[in-house]
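Q:
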Amino acid sequence: VVGLIYTADVVCCITGRIRNVVVHARTHCNSLSCNSASPDAVAVQAARTSTSLWGEWMGVLHGDEIEYFFGQPLNNSLQYRPVERELGKRMLSAVIEFAKTGNPAQDGEEWPNFSKEDPVYYIFSTDDKIEKLARGPLAARCSFWNDYLPKVRSWARTGCDGDSGSASISPRLPLLGIAALIYICAALRTKGVF
5 VVGLIYTADV VCCITGRIRN VVVHARTHCN SLSCNSASPD AVAVQAARTS TSLWGEWMGV
65 LHGDEIEYFF GQPLNNSLQY RPVERELGKR MLSAVIEFAK TGNPAQDGEE WPNFSKEDPV
125 YYIFSTDDKI EKLARGPLAA RCSFWNDYLP KVRSWARTGC DGDSGSASIS PRLPLLGIAA
185 LIYICAALRT KGVF
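Residue numbers for the sequence shown follow our numbering, beginning at 5 and rising by one.
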């Protein structure tokens, strides 16, 4: 059983079969459509650890969940806050429950399986105001790339006017388009658009 936690831009999977999976949300959805014989449960860690050595501006980092899965917040000699110790207990209990029953839900909580059709995931947080369930991790960002990137590729192959006979299009055009998109997205992100 592998722990399933989503931090930053990466999804790690708790799954009924033993495998080492660290994939982006879209790839994870595609893999689910190929083999859905065993349950997949997805979770997001939305709590930044107070003992993190990284700047607060970085938020929750990929891999931050590992210390919780290995019980580090439960070590009283370390300087974790009480809410982080409680979060650590909940995360460990979810993995144990998943290993026992195939469903990480505890104490009557709802935790539906993650699927391409219903990409619901559980949020581990120290803030009680945050909802426990959400849908489609990074759905807006993924839909942008899923919808727009194929158009850019199509334009690179056929030209913007749809003329597929144009031999003057450089083979570097797709790279130029992707580079421009990354630049635009980075600029929009710094302005807080997404």
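Just so you know, even glycine gets a beta-carbon here, dropped at the ideal spot from N, CA and C. Here the structure is a predicted model, which is why all the values come from computation and not from measurement.
Can you have a look at residue 45 and say buried or exposed, based on whether 16 or more other CB atoms are within 10 angstroms of its CB?
A: Per the 10 Å Cβ criterion, buried.
Q: Could you tell me whether the segment 49-60 touches the segment 85-94, using the rule of 3 or more Cβ pairs below 8 Å?
A: In short, these stretches touch, since the Cβ pair count reaches three.
Q: Taking 7 Å as the cut-off, decide whether the C-beta atoms of residue 78 and residue 63 are in contact.
A: It is not a contact, given that the beta carbons lie outside the stated cut-off.
Q: Three or more C-beta pairs under 8 Å: does that hold for the segment 57-76 against the segment 92-103?
A: A contact exists between the segment 57-76 and the segment 92-103.
Q: Residue 51 lies in the alpha helix (DSSP H); which residues open and close that run?
A: Taken as a continuous stretch (DSSP letters only), residue 51 belongs to no alpha helix (DSSP H), as it is neither H nor E.
Q: Cβ of residue 108 within 7 Å of Cβ of residue 114?
A: No.
Q: Quick check on the DSSP output: the alpha helix (DSSP H) that includes residue 70 runs from which residue to which?
A: Run containing residue 70: 68-73, per the alpha helix (DSSP H) assignment.
Q: In this structure, does DSSP put residue 65 in helix, strand or coil?
A: Here residue 65 sits in coil by DSSP.
Q: What residues are listed by DSSP as bridge partners for residue 125?
A: According to DSSP, residue 125 bridges with 138.
Q: In its own chain, which residues sit with a C-beta less than 8 Å from the C-beta of residue 36, not counting the 5 before and 5 after it?
A: At residue 36 the pLDDT is 45, less than 50, meaning the model places this residue with poor confidence; the figure from the coordinates comes in the next sentence. The residues are 44, 118, 119, 120.
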